[in-house]
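Below is one structure, written out as C-alpha cells, with a few remarks after it.
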Amino acid sequence: GENVEQHPSTLSVQEGDSAVIKCTYSDSASNYFPWYKQELGKRPQLIIDIRSNVGEKKDQRIAVTLNKTAKHFSLHITETQPEDSAVYFCAAILTGTASKLTFGTGTRLQVTL
Amino acid sequence: EAQVTQNPRYLITVTGKKLTVTCSQNMNHEYMSWYRQDPGLGLRQIYYSMNVEVTDKGDVPEGYKVSRKEKRNFPLILESPSPNQTSLYFCASRFRGQGYEQYFGPGTRLTVT
C-alpha cells in the first residue's frame, strides 16, 4: 500500500517569512495529492490539492509543487501570518479505485510575531 | 448546510463498557471512513465504507466495528474499549468519483479509563 512521509514534524517561522513542508510517497501510481490544515481543536480542512498531470498549483499565498519522478510534493506558504499556525497534513491516493487516502504524520507550523 | 456530524463530541468511559460513536453526512457521499488521530502518528484510518453494506478494514481496525446500513450513517462501535483506544476520532466522507475532497466531522475525543 501507499506510504507517505512528511517533514519536518515541527516548523517555526517568523511572520512574513516563507514556510515549506515536504512529503514523499511510495506508490508511483498515486495521482491526487491534497493538503489539509487543522487548526487547534478543529477538524482538518482541505486547503489545496494537485493532480499528477500538473507540476505546480498556486492559490494566493499557498502553492503546491509535485515532482512525479522523485515522488515528492511540497507545500509552500509565503508571507506567513499568525493565522497560518496549525498542523498541516499531506496525503496521497490513486483516484478511481477503492484505495484509501493515506496521510502523512503532520507538520506543526508556528508563526511567531 | 453540507456537513458531517459526529456524536458525542466528548466521552469518558471505563474499560469494557460498549460504546457507539455516530457519524452522519448530508452530502450523499458514497465513501465514508473513520480515523483516529494520535500525537506524532497523524491520521490513521480505522475502517472505511465505499457504499451501503460495503465496509473494509483500514490500517488500525483491531478493537473496532462499523456498519453501513444507510448511506448517510456510519457508526463506529467499540465493543470492549481499552485505554489504548483513548484518542481523537474523526469521521469523514467524500464522493467516489469527483474532486476527492474529503470532509471531516468535528471529532470525538474519547478517554477510556
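Residue numbers (my numbering), protein chains in the order written: chain L, 1 to 113; chain E, 114 to 226.
Where is the CB? At the ideal position from N, CA and C, for every residue including glycine.
- Taking a Cβ-Cβ threshold of 9 Å, the residues of chain L close to residue 146 of chain E are 100, 101, in chain order.
- Cβ atoms of residue 199 of chain E and residue 224 of chain E come within 8 Å of each other, at about 5 Å.
- Here residue 193 of chain E is exposed: its Cβ has fewer than 16 other Cβ atoms, across all protein chains shown, within 10 Å.
- For residue 8 of chain L, not one C-beta of chain E is nearer than 7 Å to its own C-beta.
- In the same chain as residue 79 of chain L, and ignoring 5 residues on each side of it, the C-beta atoms closer than 7 Å to its own belong to 16, 61, in chain order.
- Under the 7 Å criterion on CB atoms, residue 214 of chain E is classed as interfacial with respect to chain L.
- With respect to the 7 Å criterion, residue 57 of chain L and residue 50 of chain L are classified as neighbours on the basis of their beta carbons.
- Non-local C-beta neighbours of residue 38 of chain L in its own chain, meaning closer than 8 Å and more than five positions away in sequence, comprise 44, 45, 86, 87, 88, 89, 106, ordered along the chain.
- Taken in chain order, the unbroken stretches of beta strand (DSSP E) that lie wholly in the segment 120-163 of chain E and span 3 residues or more are 123-126, 132-138, 144-151.
- When C-beta atoms of the segment 212-220 of chain E are compared with those of the segment 182-196 of chain E, fewer than three pairs fall below 8 Å, so the two segments do not count as touching.
- The beta carbon of residue 182 of chain E sits closer than 8 Å to the beta carbons of 165, 166 from its chain, once the five residues preceding and following it are set aside; these are given in chain order.
- Contact between residue 102 of chain L and residue 2 of chain L holds, with the beta-carbon distance rounding to 4 Å and staying under 8 Å.
- Only residues of its own chain outside the window of five on either side were considered, and among them 30, 31, 32, 33, 66, 68 have a CB closer than 8 Å to the CB of residue 52 of chain L, listed in chain order.
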